[in-house]
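What follows is a short report on a single structure.
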Amino acid sequence: MTEKCKCQGLASSISEYLDGELPPELCAELEQHMSECENCSIVFNTMHKTIDLYRKPELNHPLPDDIKSRLYHRLHLDDYLVKKT
Amino acid sequence: MSEETLNNSAISLAALKAGDRTEFARLVDATSNHIYHLALKILRDPQDAEDVLQESYIKAMRALPEFEGRSSLSTWLYRIAVNEALMLLRKRRFSLVPVEEEADEDDEQPGMVLTDWVGLPEDELLSAESRQRLEAAVDTLPDTLRIVFMLRDMEGLSIKETAELLKLSETAVKTRLLRARLRLRNELSVYYGERFVEKSSE
Numbered sequence: 027m028t029e030k031c032k033c034q035g036l037a038s039s040i041s042e043y044l045d046g047e048l049p050p051e052l053c054a055e056l057e058q059h060m061s062e063c064e065n066c067s068i069v070f071n072t073m074h075k076t077i078d079l080y081r082k083p084e085l086n087h088p089l090p091d092d093i094k095s096r097l098y099h100r101l102h103l104d105d106y107l108v109k110k111t
Numbered sequence: 004m005s006e007e008t009l010n011n012s013a014i015s016l017a018a019l020k021a022g023d024r025t026e027f028a029r030l031v032d033a034t035s036n037h038i039y040h041l042a043l044k045i046l047r048d049p050q051d052a053e054d055v056l057q058e059s060y061i062k063a064m065r066a067l068p069e070f071e072g073r074s075s076l077s078t079w080l081y082r083i084a085v086n087e088a089l090m091l092l093r094k095r096r097f098s099l100v101p102v103e104e105e106a107d108e109d110d111e112q113p114g115m116v117l118t119d120w121v122g123l124p125e126d127e128l129l130s131a132e133s134r135q136r137l138e139a140a141v142d143t144l145p146d147t148l149r150i151v152f153m154l155r156d157m158e159g160l161s162i163k164e165t166a167e168l169l170k171l172s173e174t175a176v177k178t179r180l181l182r183a184r185l186r187l188r189n190e191l192s193v194y195y196g197e198r199f200v201e202k203s204s205e
């Protein structure tokens, strides 16, 4: 479902709200509005969840072995690479 | 970089400053994975990321005697790596021009996708396929938006820290962040929205 949200201008407030950067009086206003506007509440929830998903450390992969050994070699730490089992 | 990584292994700054190689090896061991993937995310090129990884530790090793410990060791190292990566990007004539000066193709924003998919189970939200989609979505952002999103939202830097590292105003950071978040939110809403609808109709 794609439609033009009537409150599109509020996206920037939602983003600032998530950063804790929205002034308190505007926070209260936004919270009040979201409790009445389903679209804005969806934008808030999904934007929050989007950021949350990208914060998950599982997105990190391990350091490839060849890169690790070249790094240790460059730093003259080869002996530490061998020692680590 | 997570402070726990370093705290758990209790790396001694005094030992590092004294040139203790074992301690330096422990620092590298605790942080290199993060530094490499950070550089890879910024540069999107494994060879460039590897260069940044190596250069960062070489710079850190040289700069250690002057490090006053005003920030944590991890933050300090992180900054060195981000700066190295950004320097390499600039060398490739990438410019961090303010978004306001760019041809503003974003002015005509697409309609918002309004499916509430947040109720999907976590294992579905973070399945292998979903993770690929997350990574691909961030990769399609223009560099100017991608790097701000990466530092602020993926790496957890504050708006102020992001602005300082990128030499941008906080307002410019917020503007880019909003654009990046809107694009990603829309993209994920299309992707997860389809799954959510399938699930609901099962």
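Protein chains in written order, with my numbering: chain A, 27 to 111; chain B, 4 to 205. Think of the CB as a built atom: it goes at the ideal place given N, C-alpha and C, for glycine as much as any other residue.
| Asked | Found |
| --- | --- |
| Are the beta-carbon atoms of Ala28/B and Leu56/A separated by less than 8 Å? | no |
| Which residues of chain A have a Cβ atom closer than 7 Å to the Cβ of Tyr39/B, listed in chain order? | Leu89, Ile93 |
| Go ahead and pull the three-state DSSP assignment for Val116/B. | strand |
| Assign Asp45/A to one of three DSSP states: helix, strand, or coil. | coil |
| The alpha helix (DSSP H) spanning Cys66/A covers which residue range? | 64-81 |
| Would a check of beta-carbon distances place Cys73/A closer than 8 Å to chain B? | Here residue 73/A turns out to be Met, not Cys, going by the sequence shown. At least one chain B Cβ lies under 8 Å of Met73/A. |
| Going by DSSP, what residue range makes up the alpha helix (DSSP H) through Ser172/B? | Element bounds for Ser172/B: n/a, residue is neither H nor E. |
| Which residues of the segment 42-70 of chain A have a Cβ closer than 9 Å to any Cβ of chain B? Give them in chain order. | Glu42, Leu44, Asp45, Glu47, Glu64, Asn65, Ser67, Ile68, Val69 |
| Residues of chain A with CB under 9 Å from Gly159/B, in chain order? | Arg81 |
| Would you say Asp78/A and Ile162/B are within 8 Å of each other, going by their C-beta atoms? | no |
| Using only the alpha-carbon positions, how far apart do Gly196/B and Thr118/B sit? | 6 Å |
| Starting from the C-beta of Arg218/B, find all residues in its chain whose C-beta is less than 8 Å away, skip the five residues before and the five after it, and write them out in chain order. | Residue 218/B lies beyond the range of chain B shown here (4 to 205); nothing can be said about it. |
| Could you check whether the segment 15-27 of chain B touches the segment 63-71 of chain B, counting it as contact only if at least three pairs of C-beta atoms, one from each stretch, sit closer than 8 Å? | yes |
| Whole angstroms are fine: how far does the CA of Trp120/B sit from the CA of Gly22/B? | 52 Å |
| Between Arg24/B, Arg184/B, Leu56/B, which lies nearest to Thr143/B when the distance is taken from Cα to Cα? | Arg184/B |
| Expressed to the nearest angstrom, what Euclidean distance is found between the alpha-carbon atoms of Ser38/A and Asp91/A? | 43 Å |
| Is it buried or exposed, Thr25/B, if we count other Cβ atoms within 10 angstroms and call 16 or more buried? | exposed |
| Check whether the Cβ of Tyr194/B lies closer than 8 Å to any Cβ atom in chain A. | no |
| Mapping DSSP to helix, strand and coil, what is Ser203/B? | helix |
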